[in-house]
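Enquirer: Residue 30 in this note's numbering sits at position 28 of the sequence shown, with consecutive numbering throughout. First the structure, which I've put down as structure tokens, then a few questions once you've had a look.
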Amino acid sequence: MRTIRFFWVSALACGLTALPAAAEDDVERLVAAMLGDTPIIDDLRELTDDIGGRPTGSDANRKAVAWAVEKLRQAEVSVTTEDFEMPFQWQEKLAFASISGDVSFDPHVVAKPFSTAADARVARLVDGGSGSADDFKRVGDAVKGAWVLIETPELNDDIGLAGLFGLYGNARQFEARANAAEALGVVQMSPYPKNLVYRQFASTNYENDMPLLVMDREHALRALRLMRSGRSLSLGATISIDAGYSYSATNVIAEIPGTSRADEIVLFGAHLDSFDLGTGALDNGVNVAMLINLARQITRLGLKPERTIRFALWNGEEQALVGSWKYTEQHEDELDDHVVAASFDIGSGRTTGFFTGGRPALVPLVDKYLEPVAGLGPFQQIDVPLVGTDNFDFMIEGVPNLIAIQSDANYASNYHAESDTFEKVDQYQVRLNSAIAAAVVWGFANDSDRLPRQTHDEVEDLVDSTNLEQQMKDFSVWDGWADGTRGQHD
């Protein structure tokens, strides 16, 4: 582990001399602590290597909850757990596929979360192209009762988050078309090369009623080439799952009590759950470890914020953002007192600013709070609303919300994949990101300025004036807003 001196000197070299001059200034002390020798990397290694992938509802997830609680208690941080109901259990037990016909081979496949089971289902394999309306028109009635193979573009770090959002939007459309055409099931080509597969949930979540697979890219391309050269192929698949019932899951909530304005809450969160193929290092173990360490250092230094700082380690994020949604229900009476809700969920790339959720008045506040770490910038806030992580339910509840913007680094190329493991994390950059997070949380916790909670009409105006409706549909959370079960409905 590098020494405190190394990190502090490195930070100064980056221009951290913009910090306030007083050595005892609280934010300076906190930033210095985050840059120094801390257990953050050891914590991350334990979470990812010792516990591993931790889907909500799994034994590993329950171990992760206990691990996080113990880490916070060891740091003498006040911590509680909050149980909530997950509506639908889904865990893959086995997924296997075999291609036969004019050519035979066994591809590498995994089931998409919320896929239905399949017991040795054998049917014709058809070339669904990219899954466009024209592709389904071309194939016509051949889709009925068949497995349809969908080609996807390769996803890499140059394409980044834009490519990820594209995957969700495209899947929503081609899964709907396959269902309407009465396909037996959908086989989606993995966007990653070198036989790497990943999890991407069914676009209708637990309402999905068909088998859905992801096939490794190389075998999927081989199958498409064969079919396009006139070969006839069939696919047989077995999908065994544990699914179909509600169960209890747990959020971990840590708190640094406020002093003069203790009833006002600054909430910073990261999701504790992950998918099971890798060990959930970039998504999102690194940010869990960062928030645990931030709570630890505030407590160790004896810092006393004016507002209460609450750190949330969410569960159910990968399954329609359920844990943070249930928090907004359980804490409905406190939502007016939430000054901000921030989410950290884009790996270990450099923090370059924050998405401010269509609340332009947040931008100058965040700019101000980043001044003590200006040397770690430059920073640029982007005032657009985004769906896809645990800011969502706070946004539609009218609470000012943030998502840390991070450079794509290697996040997209390992997203939900077997390759999302400890060694992918940029250990140096995560310390710098921690210092940035510390400056922002301390700014919100001690500034006299704050934004009011929006009314339902104001939230509705935000939805109507942006592309939020499309984003919500792509991430399968639109219905909850539309029917009034989620969001601000005063």
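Positions of the beta carbon are idealized from the N, C-alpha and C atoms, including for glycine. Please read all numbers here as calculations on a predicted model, not as lab measurements.
Give the DSSP bridge partners of His110, in chain order.
Expert: Looking at the DSSP assignment, His110 forms no beta bridge with any residue, so it has no partner.
Enquirer: Report buried or exposed for Glu177, applying the criterion of at least 16 other Cβ atoms within 10 angstroms of its Cβ.
Expert: By the neighbour-count rule (16 or more Cβ atoms within 10 Å), Glu177 is buried.
Enquirer: With a threshold of 9 Å between beta-carbons, can Ala122 be considered close to chain D, or not?
Expert: In summary, chain D is missing from the structure at hand, where a single protein chain is found.
Enquirer: Give the straight-line distance between the Cα atoms of Trp480 and Val81, rounded to the nearest whole angstrom.
Expert: One C-alpha to the other measures close to 32 Å.
Enquirer: With a threshold of 16 other CB atoms inside 10 Å of the CB of Lys370, please say whether the residue is buried or exposed.
Expert: Lys370 should be labelled exposed.
Enquirer: Candidates Gln473, Leu74, Gly54, Ser231: which alpha carbon is nearest Thr391's?
Expert: Looking at the Cα atoms, Gln473 is the closest of the given residues.
Enquirer: By Cβ distance, which residues of its chain are closer than 6 Å to Asp476, with the 5 residues on each side in sequence left out?
Expert: Hits under 6 Å: Tyr170, Gly171, Arg174.
Enquirer: Can you round the beta-carbon distance between Ile1 and Met191 to whole angstroms, since I take them to be within the 8 Å contact cut?
Expert: A query on residue 1 cannot be resolved here, the shown segment of the chain reaching from 3 to 492 and no further.
Enquirer: Whose C-beta lies closer than 6 Å to the C-beta of Pro213 among residues of the same chain, with five residues either side of it excluded?
Expert: Same-chain partners within the cutoff: Ser117, Thr118, Ala120, Gly187, Ile241.
Enquirer: Here's the rule I'm using: 16 or more other beta-carbon atoms within 10 Å means buried, otherwise exposed. How should Leu303 be labelled?
Expert: Per the 10 Å Cβ criterion, exposed.
Enquirer: Please state whether DSSP places Ala24 in a helix, a strand or coil.
Expert: Because the pLDDT of Ala24 is 34, which lies under 50, any placement of that residue in the model is unreliable, and the question is left without a value.
Enquirer: In angstroms with no decimal places, state the Cα-to-Cα distance between Ala164 and Tyr413.
Expert: Cα to Cα, the separation comes out at about 12 Å.
Enquirer: I need the boundaries of the beta strand (DSSP E) containing Leu96, first residue and last residue.
Expert: Per DSSP, Leu96 belongs to the beta strand (DSSP E) from 92-103.
Enquirer: How big is the Cα-Cα spacing for Gly246 and Phe203?
Expert: Rounded to whole angstroms, Gly246 to Phe203 spans 15 Å at the Cα level.
Enquirer: Using CA coordinates, which residue listed in Pro89, Ala77, Val112, Ser478 is at the minimum distance from Gly280?
Expert: It is Val112 whose Cα lies nearest to the Cα of Gly280.
Enquirer: In angstroms with no decimal places, state the Cα-to-Cα distance between Ser345 and Asp45.
Expert: When rounded, the distance between both Cα atoms is 19 Å.
Enquirer: Under the three-state reduction of DSSP, which class applies to Val348: helix, strand or coil?
Expert: Strictly speaking, residue 348 in this sequence is Ile, with Val absent from that position. The answer is coil: DSSP assigns Ile348 none of H, G, I, E or B.
Enquirer: Just tell me which of Asn210, Ser205, Pro193, Asp160 has its CA closest to the CA of Leu223.
Expert: For Leu223, the nearest C-alpha among the options comes from Pro193.
Enquirer: Alpha carbon to alpha carbon, how far is Pro115 from Asp85? Give it in angstroms, no decimals.
Expert: Straight-line Cα distance between these residues: approximately 22 Å.
Enquirer: Should the segment 369-384 be called in touch with the segment 452-460, which here means at least 3 C-beta pairs below 8 Å?
Expert: Contact between the segment 369-384 and the segment 452-460 is absent, because fewer than three Cβ pairs lie under 8 Å.
Enquirer: What are the boundary residues of the beta strand (DSSP E) that Asp275 is part of?
Expert: That residue, Asp275, is in no beta strand (DSSP E); it is neither H nor E in DSSP.
Enquirer: Are Ile255 and Glu336 touching if we call contact CB-CB under 9 Å?
Expert: Result no, Cβ atoms of Ile255 and Glu336 do not sit closer than 9 Å.
Enquirer: Quick check: what's the CA-CA separation for Trp327 versus Val105?
Expert: Straight-line Cα distance between these residues: approximately 48 Å.
Enquirer: Let me know the beta strand (DSSP E) ranges lying completely inside the segment 200-285, each 3 residues or longer, listed in chain order.
Expert: For the segment 200-285, whole beta strand (DSSP E) runs of length 3 or above, ordered along the chain, are 214-217, 235-245, 249-258, 263-273.
Enquirer: So, using beta-carbon positions, are Phe381 and Thr330 closer together than 9 Å?
Expert: Result no, Cβ atoms of Phe381 and Thr330 do not sit closer than 9 Å.
Enquirer: Short check: CB of Met229 to CB of Val189, under 9 Å?
Expert: Their beta carbons are not under 9 Å apart, which means Met229 does not touch Val189 by this criterion.
Enquirer: Can you give me the Cβ contacts of Leu122 inside the same chain, cut-off strictly under 7 Å, excluding the 5 residues immediately before and after it?
Expert: Per the sequence presented here, residue 122 reads as Ala, with Leu not at that position. Gly238, Thr240.
Enquirer: Would you list, in sequence order, the uninterrupted alpha helix (DSSP H) runs of no fewer than 4 residues that lie entirely inside the segment 382-417?
Expert: Here the runs fully enclosed are 394-398.
Enquirer: If you draw a straight line from the alpha carbon of Asp347 to that of Arg233, how long is it in whole angstroms?
Expert: Those two C-alpha atoms are separated by around 44 Å.
Enquirer: What number of angstroms, rounded off, separates the C-alpha of Tyr417 from the C-alpha of Ala225?
Expert: Roughly 24 Å between the two C-alpha positions.
Enquirer: With DSSP as the reference, identify every bridge partner of Ala314, one or two as the case may be.
Expert: Ala314 pairs with Ile255, Gly271.
Enquirer: Which whole-angstrom value describes the C-beta separation of Val67 and Thr354, a residue pair presumed to lie in contact below a C-beta threshold of 8 Å?
Expert: 31 Å between Cβ atoms; not a contact.
Enquirer: Measure the Cβ-Cβ separation of Gly359 and Asp385 and say whether it is below 9 Å.
Expert: Closer than 9 Å, so yes.
Enquirer: Could you check whether Phe446 and Ile407 sit closer than 9 Å to each other, using their CB atoms as the reference points?
Expert: Going by C-beta atoms, Ile407 is not nearer than 9 Å to Phe446.
Enquirer: In whole angstroms, give me the CA-to-CA distance for Met292 and Thr310.
Expert: Approximately 19 Å, taken between the alpha carbons.
Enquirer: Output the distance between the C-alpha atoms of His110 and Ala437, rounded to the nearest integer angstrom.
Expert: Rounded to whole angstroms, His110 to Ala437 spans 41 Å at the Cα level.
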